[in-house]
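Participant: The structure under discussion is supplied below as structure tokens; questions concerning it will follow.
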Amino acid sequence: MTQRIFFRISQLAIAVSLAACSSSGTDQLSAPVRVSLIGLNDFHGNLQPPPGTVPVRAEGKDDSSQVAAGGAAYLASLVASLKAQNPGNTLVVGAGDMIGGSPLVSSLFHDEPTIDVLGAIGLDLSSVGNHEFDKGRNELLRMQHGGCYPRSADGSRGVVGVDTCMTDGRFDGAKFQYLAANVIDQKTGATLFPAYHIKTVGGVKVGFIGLTLKDTPSVVTPAGVAGLRFNDEVATINALIPTLKQQGTSAIVVLIHQGGATTATTINDKTCPGFAGDIVDIADRLDPAVDVIISAHTHQEYVCFRPDGKLVTQAGFYGRIATSIELMIDPASKKVIRKDANNVATINDVGARDAAGALIPLPVGYAAQKSDRATSALIQRYVDLTAPITSAVVGKISGALNRKTSSAGESTLGNVVADAFLAASSDSTYGTKPAQIAFTNPGGVRADLDGGLQITFGQLYAVQPFGNNLVTMDITGAQLRRLLEQQWEGKSGGGRVLPVSAGFTYSWDASVPAGAAPGTGNRVVPGSMKLQGVPIDAATTYRITVNNFMASGGDNFSVLNHGTHVQQGISDVDATSAYFKGRDMVTVPRLDRITRLN
24 MTQRIFFRIS QLAIAVSLAA CSSSGTDQLS APVRVSLIGL NDFHGNLQPP PGTVPVRAEG
84 KDDSSQVAAG GAAYLASLVA SLKAQNPGNT LVVGAGDMIG GSPLVSSLFH DEPTIDVLGA
144 IGLDLSSVGN HEFDKGRNEL LRMQHGGCYP RSADGSRGVV GVDTCMTDGR FDGAKFQYLA
204 ANVIDQKTGA TLFPAYHIKT VGGVKVGFIG LTLKDTPSVV TPAGVAGLRF NDEVATINAL
264 IPTLKQQGTS AIVVLIHQGG ATTATTINDK TCPGFAGDIV DIADRLDPAV DVIISAHTHQ
324 EYVCFRPDGK LVTQAGFYGR IATSIELMID PASKKVIRKD ANNVATINDV GARDAAGALI
384 PLPVGYAAQK SDRATSALIQ RYVDLTAPIT SAVVGKISGA LNRKTSSAGE STLGNVVADA
444 FLAASSDSTY GTKPAQIAFT NPGGVRADLD GGLQITFGQL YAVQPFGNNL VTMDITGAQL
504 RRLLEQQWEG KSGGGRVLPV SAGFTYSWDA SVPAGAAPGT GNRVVPGSMK LQGVPIDAAT
564 TYRITVNNFM ASGGDNFSVL NHGTHVQQGI SDVDATSAYF KGRDMVTVPR LDRITRLN
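The structure is reproduced here in structure tokens:
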């Protein structure tokens with residue numbers, strides 16, 4: 024943390040102290056109250072320090088430096104140090120996706136370790152995110168209320184002391200409260216979790232509204248949200264404002280799993296260059312009574328003020344950053360009279376390295392957090408249990424495989440995953456008609472393979488942490504084109520271009536606007552779809568492989584709901600692992616399967 028941030032916090036503390044010291048009797052009761060919030064989002068079960076760095080700006084310099092950041096034991100220390108700046112008047116809050124898409128050290132135990140660690144860190148409240156629904160409502164309710172994971176029919180999962188209820192045969196559930204203002208049980212009409220929660224801090228009431236993006240059903244396996252309705256974010260929040268005001272709240276904070284992005288090159292650039300995204304429109308349509316919006320979902324970092332004074336923040340992802348928010352509240356008028364925030368990197372002692380492998384020294388004004396011993400010990404227990412699995416070498420790569428996309432939407436890692444899917448569904452076990460083409464969704468590829476030439480199972484699991492299974496089906500050439508068009512239809516823009524296996528090629532025209540109504544897109548260049556150089560025929564049936572998330576219509580690929588002769592396959596990570604094991608070296612593929620025009 025920089026000296027500048029400590030100085031800002033100290034200024035606020037001095038202001039409160041002077042106000043109190045200069046008053047007496049009833050005047051003291053009306054002295055401004057300082058309320059501190061620590062915002063987290065998109066933690067995704069990253070208990071250990073994640074790969075990657077955070078760009079920070081050194082004091083007095085214009086250029087940025089990269090620092091290694093993240094790890095729950097370091098985050099625990101950062102949270103404790105921020106709490107110490109305003110003892111008793113600080114709350115820790117989350118904006119969703121705290122679990123789901125987690126590394127093996129958490130997901131092998133159904134994310135119970137993450138729930139326990141977040142409780143130990145001191146999380147008070149969190150909205151739900153879309154990934155909280157990955158395993159369905161019942162599993163999410165178990166995360167809140169506790170209980171062991173249900174035993175599977177084959178006895179491989181839900182074994183107490185092996186993969187669930189690892190502490191004295193119990194899992195007590197979250198110490199924090201989930202909020203879900205816009206998630207409605209269609210049978211009862213009630214919210215799945217409370218819509219809001221009011222906390223009294225320093226004698227003033229702060230209201231928190233928690234919710235997720237209304238489009239959650241389009242980015243989650245349909246079975247995960249069956250029987251639930253997701254209402255509009257703005258209408259939901261604005262409808263709750265009178266209720267919170269009637270209960271005497273002095274500040275209203277929204278915890279929302281929706282976000283935006285800026286073009287800033289370092290964290291904590293509060294000029295907010297190019298601030299855009301769904302959260303901007305949402306913020307600008309909210310009731311003026313909303314003081315702070317803690318956002319999420321886009322894995323971005325920003326502290327931005329809107330023209331009407333609303334403060335909008337997001338703290339990146341994987342616990343690399345925490346947002347320190349300061350509110351000065353007048354208890355007499357029950358209004359926030361001053362507010363500010365700073366994003367603080369969770370700097371660990373792992374260290375960032377340059378291209379030559381040398382450690383990059385921390386810039387002036389920054390220091391690594393100490394690893395919290397209790398949290399570290401809790402995590403280490405699960406690390407030790409998973410070590411034999413995660414450390415097993417499964418293969419080698421000729422160079423870095425990553426998710427960085429070409430202008431057409433291809434990535435080297437996406438191509439390899441698609442190739443692995445095809446290899447796993449086109450052998451003799453698939454009968455006389457094996458798969459011919461394979462796709463995967465880019466959102467299911469979660470980490471890069473750039474840490475070295477040897478690849479472990481743990482690294483592959485980080486790439487594909489959702490536990491999806493392969494699904495092979497027949498679709499026609501016409502449906503295949505419809506699948507490709509659905510990449511850009513609706514609100515998806517160009518962000519869901521599917522990695523595709525070798526042998527299938529096509530072109531798309533960027534001059535044709537994205538966002539067409541479902542069923543009307545026409546970006547795929549006619550006649551460009553080919554399999555092994557042969558044009559795809561609209562009436563011919565082709566056999567394709569995807570994961571079960573896509574097969575059930577996830578990411579709005581609804582055409583796959585109409586596939587025929589559906590066959591279930593192995594897990595995605597097992598398919599990728601087998602692909603690596605079956606080759607002396609996995610080479611970096613060329614990015615020549617998808618062509619973009621214009």
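For what it's worth, the numbering used here labels the leading residue of the sequence shown as 24, then goes sequentially. Every residue gets a Cβ at the ideal spot worked out from N, C-alpha and C, and that includes glycine.
From what residue to what residue does the alpha helix (DSSP H) around Leu98 run?
Facilitator: Here the alpha helix (DSSP H) through Leu98 covers Ala95 to Lys106.
Participant: Please state whether DSSP places Ser150 in a helix, a strand or coil.
Facilitator: Residue state, collapsed to three classes: strand.
Participant: To the nearest angstrom, report how far apart Arg426 and Gln270 are at their CA atoms.
Facilitator: Using only the alpha carbons, I get a separation of about 48 Å.
Participant: What residues in its chain sit with their C-beta under 7 Å from that of Ser87, if we drop five residues either side in the sequence?
Facilitator: Taken in chain order, the residues that qualify are Pro78, Val79, Arg80, Thr288 and Thr289.
Participant: Between the C-alpha atoms of Asp615 and Ser534, what's the straight-line distance to the nearest angstrom?
Facilitator: Going from the Cα of Asp615 to the Cα of Ser534 covers about 20 Å.
Participant: Just to confirm my understanding: we take Ile317, look at its own chain, exclude 5 residues before and 5 after, and list those with CB closer than 6 Å. What are they?
Facilitator: So the qualifying residues of the chain are Gly62, Ala118, Leu278 and Thr336.
Participant: Express the C-alpha separation of Gly196 and Arg165 in angstroms, rounding to a whole number.
Facilitator: Whole-angstrom Cα-Cα distance: 7 Å.
Participant: Taking the straight line between their C-alpha atoms, what separation do you get for Ala306 and Asp255?
Facilitator: If I take the Cα positions, the gap works out to 13 Å.
Participant: When DSSP labels each residue in this structure, what does Pro697 get in the three-state scheme?
Facilitator: An answer regarding residue 697 cannot be provided, because it is not within the stretch 24 to 621 covered by the chain.
Participant: From what residue to what residue does the alpha helix (DSSP H) around Phe603 run?
Facilitator: Start and end: Asp595 to Lys604.
Participant: Evaluate Glu324 with the Cβ neighbour count: other Cβ atoms within 10 Å of its Cβ, from every protein chain shown; 16 or more gives buried, anything less gives exposed.
Facilitator: It counts as buried.
Participant: Near Val596, which residues of its chain fall below 7 Å by C-beta distance, leaving aside the five closest residues on each side in sequence?
Facilitator: So the list reads Leu483, Tyr484 and Gln487, once near-sequence residues are dropped.
Participant: Is the beta carbon of Phe194 sitting closer than 8 Å to the one on Glu135?
Facilitator: Going by C-beta atoms, Phe194 is nearer than 8 Å to Glu135.
Participant: Using the beta-carbon count (16 or more within 10 Å), is Pro93 buried or exposed?
Facilitator: In the sequence as presented, Pro is not what sits at residue 93; that position holds Gly. Gly93 comes out buried.
Participant: From the DSSP output, in three-state form, read off Gln502 for me.
Facilitator: Three-state DSSP puts Gln502 in a helix.
Participant: Hey, would you say Ser448 sits closer than 8 Å to Leu401, going by beta carbons?
Facilitator: Taking 8 Å as the Cβ cut-off, Ser448 and Leu401 do not qualify as a contacting pair.
Participant: Taking only three categories from DSSP, how would you classify Asp157?
Facilitator: Coil at Asp157, not helix or strand.
Participant: Relative to the C-alpha of Gly332, which candidate in Arg343, Gln89, Leu350 and Thr346 has its C-alpha closest?
Facilitator: It is Leu350 whose Cα lies nearest to the Cα of Gly332.
Participant: Select from Leu334, Pro311 and Ser104 the residue whose C-alpha is nearest the C-alpha of Lys293.
Facilitator: That would be Leu334, whose Cα lies nearest to the Cα of Lys293.
Participant: Do you know whose CA, among Asp177, Ile370 and Pro330, lies nearest Asp395's CA?
Facilitator: It is Ile370 whose Cα lies nearest to the Cα of Asp395.
Participant: Three-state secondary structure (DSSP) at Lys268?
Facilitator: If DSSP states are grouped into helix, strand and coil, Lys268 belongs with the helices.
Participant: Tell me which same chain residues have a C-beta within less than 6 Å of the C-beta of Gly516, skipping the five on either side of it?
Facilitator: Its pLDDT being 45, under 50, Gly516 is placed unreliably in this model, and the coordinates cannot settle the point.
Participant: If distances are taken between C-alpha atoms only, which option among Gly68, Val56, Gly233 and Leu472 comes closest to Gly111?
Facilitator: The residue with the shortest Cα to Cα distance from Gly111 is Val56.
Participant: Between Arg252 and Ile207, which are expected to be in contact by the criterion C-beta below 8 Å, what is the C-beta distance as a whole number of angstroms?
Facilitator: So it is a contact: roughly 4 Å between Cβ atoms.
Participant: Which of the three DSSP states, helix, strand or coil, is assigned to Gly592?
Facilitator: Gly592 falls in the strand class under three-state DSSP.
Participant: Please state if the CB of Lys362 and the CB of Asp314 are separated by a distance shorter than 8 Å.
Facilitator: Yes, these two residues count as a Cβ contact at 8 Å.
Participant: CA-CA distance, Ile617 and Gly192?
Facilitator: Ile617 and Gly192: Cα-Cα distance of roughly 51 Å.
Participant: Where does Gly432 fall in DSSP's three states?
Facilitator: Of the three classes helix, strand and coil, the one that applies to Gly432 here is coil, per DSSP.
Participant: Would you mind sorting Ile360 into buried or exposed? The rule is 16 or more other CB atoms within 10 Å of its CB.
Facilitator: By the 10 Å Cβ count, Ile360 comes out exposed.
Participant: How big is the Cα-Cα spacing for Lys158 and Leu146?
Facilitator: If I take the Cα positions, the gap works out to 22 Å.
Participant: Select from Asn291, Val151 and Val582 the residue whose C-alpha is nearest the C-alpha of Leu506.
Facilitator: Checked all of Asn291, Val151 and Val582; the closest Cα to Leu506 is Val582.
Participant: Determine the burial state of Ser356: buried for a count of at least 16 other Cβ atoms within 10 Å of its Cβ, exposed for fewer.
Facilitator: Ser356 should be labelled exposed.
Participant: Counting C-beta neighbours from all protein chains within 10 Å, is the total for Gly605 16 or more, i.e. buried, or is it exposed?
Facilitator: Its Cβ having fewer than 16 others within 10 Å, Gly605 is exposed.
Participant: Measure the C-alpha to C-alpha separation of Ser434 and Thr428 and round it to an integer number of angstroms.
Facilitator: One C-alpha to the other measures close to 5 Å.
Participant: Along the chain, where does the alpha helix (DSSP H) that runs through Ala368 open and close?
Facilitator: That residue, Ala368, is in no alpha helix (DSSP H); its beta strand (DSSP E) goes Lys358 to Ala368.
Participant: Looking only at DSSP bridge pairs, what is Val227 linked to?
Facilitator: Bridge partners of Val227: Val224.
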